[in-house]
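Visitor:
Residue numbers (the UniProt record's numbering): 1 to 80.
1. So is residue 36 buried or exposed if we call it buried at 16+ other beta carbons inside 10 Å?
2. Quick check: what's the CA-CA separation for residue 5 versus residue 78?
3. Span of the beta strand (DSSP E) holding residue 58?
4. Specify whether the stretch 15 to 33 and the stretch 67 to 75 touch according to this definition: at least 3 beta carbon pairs, one from each stretch, less than 8 Å apart.
5. Please report how far the alpha carbon of residue 43 lies from the alpha carbon of residue 2, in whole angstroms.
Written out as structure tokens, the structure is:
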């Protein structure tokens with residue numbers, strides 16, 4: 001959600017995936033199928049470049065579970 005120049009190639013792919021999932025969720029509305037996108041705005045694990053926020057998989061996982069159980073939104077942004 002906050003592009004970092006050194007990840008330019010990944011940023012383009014993430015934007016395309018986000019667009020696809022949000023459109024898929026709209027197309028599937030009313031069918032009982034839920035599609036959602038989690039924008040992870042942190043470095044996962046150790047070894048992040050200086051100044052980049054980090055999180056562990058254990059910190060991120062509840063976001064996915066919440067989306068699965070609640071099914072009330074098509075997108076959530078994870079920030080540390």
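Each residue gets a CB set at the ideal place from its N, CA and C atoms; glycine is no exception.
Guide: On the basis of the coordinates in this document:
1. Along the chain shown, read from residue 1 onward, the residue named residue 36 stands at position 36. With 16 or more other Cβ atoms within 10 Å, it is buried.
2. As a position in the chain shown, residue 5 is number 5, starting the count at 1. As a position in the chain shown, residue 78 is number 78, starting the count at 1. Their Cα atoms are separated by approximately 19 Å.
3. Locating residue 58 in the chain shown gives position 58, where the first residue counts as 1. Segment 57 to 70 is the alpha helix (DSSP H) holding residue 58; no beta strand (DSSP E) there.
4. yes
5. Here residue 43 refers to the residue found at position 43 of the chain shown. Here residue 2 refers to the residue found at position 2 of the chain shown. Distance between the alpha carbons of residue 43 and residue 2 is about 12 Å.
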